[in-house]
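Just so you know, we're using the working numbering here: the sequence shown kicks off at 2 and counts up by one. Working notes for the structure below.
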Amino acid sequence: MNKRHTISVLVENNSGALSRISGLFSARGYNIASLSVSATEDHGVSRMTIVALGDDAIIEQITKQLNRLIDVIKVLDFKDKESVDRELMVATIQATHKIRHEIVSLLDIYNGKILSVSNRSLVIEVSERSDVLDDFIAIISPYGIREIARSGPVALAKPKMNE
């Protein structure tokens, strides 16, 4: 059964590393649902958070192939309860003065923020798990979404209780 897997890949911060990793996926016909790349606490290392669709066998094959790439330091396939993840969403919502309080109330529930205000719209930010953002978007859609940008999830392993 195909399901979403979040894979964290630590790579040496060399030119071409992203290209080699995305090339591995495309050459084998694997789809990347989301990709986020950022610096880590070590300036020579970047973290790639990849969301891919596939069954456990396909994801296991992907992780083995990723581990063979020269720039790859470490690969983790996060299972449901082994990681914490967040995705950032920024959106412009139609919001006249009459309904603005309703949107602000929804933002309070989802711990969102208003980034910019105009006469007819709000630019908002919400940072949450991807599934929660999907729910928020469904709730806010009737107000009118002018545009939306999502970062894709970033994830870290949960520390064990004694760490």
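Glycine included, every Cβ here is placed at the ideal spot set by N, Cα and C.
Run of the beta strand (DSSP E) containing residue i, from where it starts to where it stops
i: residue 50; result: 46-55
i: residue 37; result: 33-40
i: residue 9; result: 4-13
Beta bridge counterpart(s) of residue i as assigned by DSSP
i: residue 121; result: According to DSSP, residue 121 bridges with nothing at all.
i: residue 130; result: None; residue 130 has no bridge partner.
i: residue 150; result: 91
i: residue 156; result: 86
Supposed close pair residue i, residue j - CB separation, criterion 8 Å
i: residue 90; j: residue 127; result: 5 Å
i: residue 52; j: residue 87; result: Their Cβ separation, rounded to whole angstroms, is 13 Å, which puts residue 52 and residue 87 out of contact at 8 Å.
i: residue 85; j: residue 159; result: 6 Å
i: residue 108; j: residue 114; result: 7 Å
i: residue 149; j: residue 92; result: 4 Å
i: residue 95; j: residue 30; result: Contact flag wrong, Cβ pair sits at about 40 Å.
DSSP three-state assignment for residue i, whether helix, strand or coil
i: residue 70; result: coil
i: residue 114; result: strand
i: residue 21; result: helix
i: residue 27; result: helix
i: residue 83; result: coil
i: residue 43; result: coil
i: residue 75; result: strand
i: residue 65; result: helix
i: residue 16; result: coil
Beta-carbon contacts of residue i that lie in its chain and below 8 Å, excluding the five residues immediately before and after
i: residue 14; result: 40, 44, 45, 46 and 47
i: residue 134; result: 88, 90, 127 and 151
First and last residue of the uninterrupted alpha helix (DSSP H) at residue i
i: residue 96; result: Run containing residue 96: none; DSSP gives neither H nor E here.
i: residue 103; result: 101-110
Neighbourhood of residue i by C-beta, 7 Å cutoff - its chain only, sequence neighbours within 5 removed
i: residue 3; result: 54, 55 and 56
i: residue 78; result: 6, 8, 60 and 64
Close-in-space but distant-in-sequence residues of the same chain around residue i (CB under 6 Å, 5 per side omitted)
i: residue 117; result: 124
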